[in-house]
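The structure is reproduced here in structure tokens:
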């Protein structure tokens, strides 16, 4: 246990939580914790793969970056970078630290205090947050529009790709969520994640207008045993096609295509048939029709999320919104569409993100006057530690030794922070110095992200996480 940890525990006596509602885990964080510069170093290494390239990118010498990295690893007691095939990559501990730290810093950057004179407090206003998600290429627009309606605090930054590509983006921490369909060839996710079933999609088939089954309301797969098939080039498409046909027919693959437009053209020209989604758009000028297939397995769509970036309630809200987006689009395009499983799709708005997702969806507004003056109002991780200790100890006199500085120095730091943010953070109360409502709002808003960051730090130090 560090000196800061011992001192903090001493000033709290036997209390389980302080007036700000923070538990003992947040008090166990050491004073010297990784900040923006250390996280920036890890980000450079993750993006560039070597100290040499990171040095060129940052315009710092390799020796300087190496010393900083070694010092950070000694402080945390865990290797953060490893050599792999003549390159350097982050270890699992390195990735965990980078993701948790980036989430905390992003939350701090979205939280600003202001809009009132010092001492008058401030009010919380909703502010848009960005969610990075990998989605199916053809569904990006519908998903974006639906989330804008049902999850109004979220702006979707969508990366359209195939399932393997979506999982790869998620594994590389390029996105916080991946919406994809599962197939036999879909690899298991190795990154810490949660997965929720969105829906099971029935399979349809595209047939040329003059096909013998084109006038049917539905089609048996066995009726297409002699037809040539148009199949996508990706491993996901091949695996899904093979799973659909296995034990039913021995299909004859006529064409392998890269794009949906190629499939549409080949089927329209009578060159084959193809498995398609119920979301496939067919107009009066199309040279093909689509019909549901009977007695074939459905395709499972799942939402994979990083629990450190997307809370449980937000994950459930996103799942419901994605399900609603899909079913609404399918019923609009094809009146005969029926989902193969029954899911509740109403009242998606009522499942708005709860308190557990406050760090992602809420911010405190920055006054227009401060924006005009261009003041530096960014918050640092150490600012949280300072406020937490003062609030816990209830006195600047008792907090100063915990922070290993003098009381006058602590008073000056608080004053500079209040001046920078444009709002009062501490006030005298019956029990001593307490956090103002504005400071309390800040601490509440970052609690989830801060707790996740602290749990990673404790894990690196080999300490139990409560």
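In the working numbering, the protein residues as written are 1001 to 1466. We put the beta carbon where it would ideally sit given N, CA and C, even for glycine. Predicted, not measured: the structure shown is a model, and the values here were computed from it.
Going along the chain, which residues of its own chain have a beta-carbon closer than 7 angstroms to the beta-carbon of residue i, five neighbours each way excluded?
i: residue 1321; result: 1146, 1147, 1150, 1151 and 1348
i: residue 1175; result: 1132, 1133, 1134, 1159 and 1169
i: residue 1453; result: 1100, 1101 and 1104
i: residue 1281; result: 1333
i: residue 1209; result: 1287, 1288 and 1289
i: residue 1343; result: The predicted model places residue 1343 with a pLDDT of 42, which falls under 50 and marks its position as unreliable, so this point remains unresolved.
i: residue 1406; result: 1400
i: residue 1238; result: 1231
Throw me the rounded Cβ distance for the residue i and residue j pair, which I believe falls under 8 angstroms.
i: residue 1301; j: residue 1380; result: Incorrect: roughly 41 angstroms between the Cβ atoms, too far for contact.
i: residue 1193; j: residue 1304; result: 5 angstroms
i: residue 1456; j: residue 1100; result: 4 angstroms
i: residue 1236; j: residue 1163; result: 5 angstroms
i: residue 1396; j: residue 1411; result: 6 angstroms
i: residue 1387; j: residue 1438; result: The pair is not a contact, with the Cβ atoms about 11 angstroms apart (cut-off 8 angstroms).
i: residue 1323; j: residue 1199; result: 5 angstroms
Taking the CB atoms as reference points, tell me whether residue i and residue j lie closer together than 9 angstroms.
i: residue 1108; j: residue 1094; result: no
i: residue 1289; j: residue 1229; result: no
i: residue 969; j: residue 1054; result: Residue 969 cannot be examined here, being either before or after the span of the chain that is shown, 1001 to 1466.
i: residue 1098; j: residue 1042; result: yes
i: residue 1271; j: residue 1244; result: no
i: residue 1404; j: residue 1131; result: no
i: residue 1090; j: residue 1156; result: no
i: residue 1306; j: residue 1173; result: yes
i: residue 1196; j: residue 1096; result: no
i: residue 1050; j: residue 1085; result: no
i: residue 1409; j: residue 1400; result: yes
i: residue 1221; j: residue 1167; result: no
i: residue 1434; j: residue 1427; result: yes
i: residue 1068; j: residue 1037; result: yes
Quick check on this structure: which residue in the options has the alpha carbon closest to the alpha carbon of residue i?
i: residue 1240; options: 1045, 1180, 1052 and 1452; result: 1180
i: residue 1214; options: 1295, 1286 and 1171; result: 1286
i: residue 1138; options: 1450, 1406 and 1261; result: 1261
i: residue 1436; options: 1457, 1087, 1462 and 1391; result: 1391
i: residue 1249; options: 1156, 1259 and 1227; result: 1227
i: residue 1205; options: 1142, 1173, 1066 and 1267; result: 1267
i: residue 1329; options: 1142, 1198 and 1433; result: 1142
i: residue 1310; options: 1326, 1280, 1433 and 1177; result: 1177
i: residue 1106; options: 1167, 1413, 1276 and 1039; result: 1039
i: residue 1140; options: 1332, 1427, 1326 and 1218; result: 1326
i: residue 1297; options: 1275, 1283 and 1284; result: 1275
i: residue 1259; options: 1394, 1161, 1075 and 1067; result: 1161
i: residue 1430; options: 1069, 1198, 1394 and 1252; result: 1394
i: residue 1254; options: 1225, 1247 and 1246; result: 1225
i: residue 1211; options: 1269, 1246 and 1052; result: 1269
i: residue 1075; options: 1052, 1252, 1246 and 1033; result: 1033
i: residue 1165; options: 1189, 1153 and 1154; result: 1189
Note down, in chain order, each residue of its chain lying with its Cβ closer than 8 angstroms to the Cβ of residue i, except the 5 sequence neighbours on either side.
i: residue 1462; result: 1077
i: residue 1257; result: 1230, 1231, 1232, 1233, 1263 and 1266
i: residue 1035; result: 1380, 1381 and 1382
i: residue 1291; result: 1204, 1205, 1207, 1213, 1214, 1216, 1217, 1218 and 1219
i: residue 1144; result: 1156 and 1158
i: residue 1070; result: none
i: residue 1432; result: 1394 and 1395
i: residue 1014; result: Reliability fails at residue 1014, whose pLDDT of 33 lies under 50, so the model's placement of it is uncertain and the value that follows must be treated cautiously. Result list for residue 1014: empty, nothing under 8 angstroms.
Sorted by chain position, which residues of the same chain lie with C-beta nearer than 6 angstroms to residue i's C-beta, five sequence neighbours on each side aside?
i: residue 1334; result: 1278
i: residue 1006; result: The predicted position of residue 1006 is uncertain, since its pLDDT is 28 and thus under 50; no value can be drawn from it.
i: residue 1299; result: 1181 and 1201
i: residue 1490; result: Only positions 1001 to 1466 of the chain appear in the structure, and residue 1490 is not among them; the question remains open.
i: residue 1072; result: 1038
i: residue 1082; result: 1091
For the ligand NAD, is there any heavy atom lying closer than 8 angstroms to the beta carbon of residue i?
i: residue 1292; result: The ligand NAD is not part of the structure shown, which contains no ligands of any sort.
Could you pull out every unbroken alpha helix (DSSP H) segment of at least 4 residues lying fully inside the stretch 1400-1461, listed in chain order? Secondary structure remark: continuous alpha helix (DSSP H) runs of at least 4 residues inside the stretch 1400-1461, in chain order: 1407-1421 and 1437-1460.
Continuous alpha helix (DSSP H) assignments of at least 4 residues falling wholly in the stretch 1258-1340: Counting only runs of 4 or more, we get 1260-1268 and 1312-1333.
Quick one: complete beta strand (DSSP E) runs, 3+ long, within the stretch 1062-1119? The stretch 1062-1119 contains these whole beta strand (DSSP E) runs: 1081-1084 and 1087-1090.
What are the start and end residues of each continuous alpha helix (DSSP H) run of 4 or more residues lying completely inside the stretch 1158-1212, in chain order? With a minimum length of 4 residues, the unbroken runs of alpha helix (DSSP H) contained wholly in the stretch 1158-1212 fall at 1163-1171.
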